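Taking it in order: structure first as structure tokens, then the write-up.
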Amino acid sequence: MPETPAPSILRFENVTVSFDGETVLNDVSFEAFEGESRVILGAAGSGKTVLLKAALGLVRPDSGRVLAFGQDLGAMREAQLFDIRSRIGMLFQESALFDSLNIEENVAYPLINQKSIRCPANEVHARVEEALDFVELGGTLEKFPSELSGGMRRRAAIARAVVTGPPLVLYDSPSAGLDPITAHTIMALLIKERDMAQTTTMLVTHRYQDGNLMANFRYNSKQGRLEPARQQDGPLPRTTFMVLREGRLIFEGDQDRLESSADDYISKFCKRRE
Amino acid sequence: MLDLLKEPVLAVQEFVVLAGKAFRNIFRTPHYTDDIILQMDTIGVGSLVVVVLVGLFSGIVMALQMSRALAQYGEVEKTGTLVAITLARELGPVLTAIMMAGRNSSGIASELGSMKVTEQIDAMRALGTDPIQKLVTPRLEATCFMLPLLTVIADFVGLFGGWVISVVKLHITSRLYWNSAWQALEWNDVAQGLIKPLVFAVVVSLIGCFYGLRTTGGTQGVGRATTQAMVAATIMIFITDVMITEFFVSQGVS
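Residue numbers (our numbering), protein chains in the order written: chain A, -9 to 264; chain B, 6 to 259.
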């Protein structure tokens, strides 16, 4: 009996986006399914961030369609998009925490402001604490973003992205600009979120090792760290790699196909499996 | 030629759309009362000292300058009249608004510009908030409330400065000064003196927000937006001032 395919969660149909006459996404089409992990690789300026913003409806395509949870974002008004956005968590490149709010207020922001979440006021504090504990940042509630290190800000921003329990989470270069140890900690949190909350994940990065971790490691909740996936623990969520080059999607497939690609641009990204 | 015009026409169109949304949001929920109060404090109370100083010195200078001109006609005791009329109709609203443009249009543009380049505006949209409702409308409301108040304060302090000069230097009695000042003012002057700051408040706040929200190009872009906002707001204050004054003059009430 054939396996029932997972429902589509995000679909791009021939999406083209341009700014000031310059094309930043060029005829991009793909479909991501529930429970899947997607790793989007590409050089700076290849359109990775714009792709994520288009998935949230923050950027409207000049042509083509973006469908999230089966709904066409291009046909929706800004107010209608808020409902869709409440089901998508987003980690922005530079964290994008609100400078004027402390960490508690930052993490509570989606719980209070997203109408479709409707979190009772007396539960907000507990959920914020829970989200901050998840990213191992308890005890920083009163601090302002400027008082935290880059890695801590990134963790607080992850807490803000996942505090509402969204089924789809988008991460824009979560390890960019961090030292290797902190970058690994951040990746461990992403995989922890994926494995514990069963979220669909889209990870934009220029570091192949981030994608490799996503594809081959799982989070061990007992030991509180990442470990290589073993056969006996069951299959990992499927990880699909995508490569963008100057706005074009030039590769979509699994890690084996990516590593065996003869394309010069692609092979520059995937050095070797760790 | 058409290409040259395209950008300014698009900018005007974007500004009109932003202004339309900002005004429409005044009547829509949610209302961010905390933000309005915070902005009233930042924009209004924060500008109090500079506005008082500008009002005081413009009153002093007006009294000194006018007394010299009036002395030629032996009408020095009319100093209060001239100080009151020039302050209420013109100097009070315009100088206060220019100080607000320098302090607040640029301040708003740099704050919103920094938020734009660090993706905080995108984050706001992603987290279920309309940035115009949350950032622009409270600044518009706060400025519209505070600028007329500050103008009244500047007018009064200016009259006070004129009084000090009249009494100390021109040896006019206090009674004569205040009487001539009081009698010089008509309701149209008061109306003109209050309508102008209201219009200037719209200019100051919306131009600051407009340049802030369209900032691109990192910290350099923030600096550029700040300067552009200040310059554009100042020019627009003078243009709208001419238009309002012309309207009152053509109505025969100036």
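All residues carry an ideal CB built from backbone N, CA and C; glycine is no exception.
None of the values given here were measured: they were computed from a predicted structure.
List, in chain order, every chain B residue whose beta-carbon is nearer than 7 Å to that of N206(A). Ordered by position in chain B, no residue passes the 7 Å Cβ test against N206(A), which lies about 30 Å from the chain.
Could you check whether the Cβ of E68(A) sits closer than 8 Å to any Cβ belonging to chain B? yes
List the residues of chain A that A230(B) touches, going by C-beta distances under 9 Å, in chain order. The premise fails here: A230(B) is roughly 17 Å from chain A at the closest Cβ pair, so nothing lies under 9 Å.
Any residues in the region 6 to 40 of chain B with a beta carbon nearer than 8 Å to a beta carbon of chain A? Which ones, in chain order? none
According to DSSP, simplified to helix, strand and coil, what is V125(A)? DSSP places V125(A) in coil when its eight states are reduced to three.
E80(B) lies in the alpha helix (DSSP H); which residues open and close that run? Run containing E80(B): none; DSSP gives neither H nor E here.
Chain-ordered neighbours of L46(A) on chain B, where CB pairs are closer than 9 Å: D127, R130, A131
When Cβ atoms are compared, which residues of the region 66 to 91 of chain A fall closer than 7 Å to chain B? Contact residues of the region 66 to 91 of chain A toward chain B are E68, F72, R75, S76, M80, F82, Q83, E84, A86, F88 (C-beta to C-beta distance below 7 Å).
Strictly below 7 Å CB to CB, what residues from chain A border T123(B)? E84, A86, listed in chain order.
Measure from the C-beta of T134(B) to each C-beta in chain A and report whether the shortest distance is under 8 Å. yes
Nearest to L179(A) by CA position, among T190(A), P164(A), D169(A), is which residue? P164(A)
P135(A) touches chain C at which residues, Cβ-Cβ below 7 Å? The chain inventory of the structure shown lacks chain C, comprising the protein chains A and B.
Skipping 5 residues on each side, what residues in its chain have a beta carbon closer than 7 Å to that of V208(B)? A238, M241, I242, T245
Taking its Cβ as the centre, do 16 or more other Cβ atoms sit within 10 Å of D254(A), making it buried, or is it exposed? Exposed is the call here.
Does Y321(A) have its Cβ less than 8 Å from a Cβ in chain B? Residue 321(A) lies beyond the stretch modelled for chain A, which goes from -9 to 264, so this question has no answer here.
Listed by chain order, chain B residues near N16(A) by CB distance under 8 Å: The premise fails here: N16(A) is roughly 21 Å from chain B at the closest Cβ pair, so nothing lies under 8 Å.
In this structure, how does DSSP classify T260(B) when only helix, strand and coil are distinguished? Lying before the first or after the last residue shown, residue 260(B) is absent from chain B, which here runs from 6 to 259.
V233(A) versus I240(A) - alpha carbon distance: 6 Å
Can A186(B) and L164(B) be called in contact, C-beta distance under 8 Å? yes
In this structure, does DSSP put L138(A) in helix, strand or coil? coil
What does DSSP give as the partner residue(s) for M177(A) in the beta ladder? Beta-bridge pairing links M177(A) to no other residue.
Report the rounded CA-to-CA distance for E113(A) versus G129(A), giving the unit in angstroms. Spanning the two alpha carbons is a distance of roughly 18 Å.
Flag this pair as yes or no: are the beta carbons of R75(A) and F59(A) separated by less than 8 Å? no
Per-residue DSSP class, three states only, for N112(A): helix
Which residues share a DSSP beta bridge with N210(A)? R215(A)
I12(B) in three-state terms, based on DSSP: The amino acid at residue 12(B) is misidentified as Ile; the sequence shows Glu. Under the three-state reduction of DSSP, E12(B) is assigned to helix.
Less than 8 Å between the beta carbons of N4(A) and G54(A), yes or no? yes
Could you tell me the alpha carbon to alpha carbon distance between L168(A) and G140(A), rounded to whole angstroms? 7 Å
Please say whether I170(B) and A106(B) have beta carbons closer to each other than 8 Å? no
For K38(A), go through chain B and note every residue whose CB falls closer than 8 Å to its CB, in chain order. Under the 8 Å cutoff, chain B gives no residues; its nearest Cβ is about 14 Å from K38(A).
Best match in K139(B), F252(B), L43(B), V227(B) for proximity to V115(B) [C-alpha to C-alpha]: Rather than Val, the amino acid found at residue 115(B) in this sequence is Ser. Per the Cα distances, V227(B).
Can you find a CB in chain B that lies within less than 8 Å of the CB of Q61(A)? no
Nearest candidate by alpha-carbon position, reference L199(B), set M45(B), R219(B), V172(B), T156(B): T156(B)
Beta-carbon separation (whole angstroms), A147(A) vs A86(A), contact threshold 8 Å: Between A86(A) and A147(A) the Cβ distance is about 7 Å, and since that is below 8 Å, they are a contact.
Measuring alpha carbon to alpha carbon, tell me which of E95(B), V56(B), M151(B) ends up nearest Q44(B). M151(B)
L42(A) and M204(A) closer than 8 Å at C-beta: no
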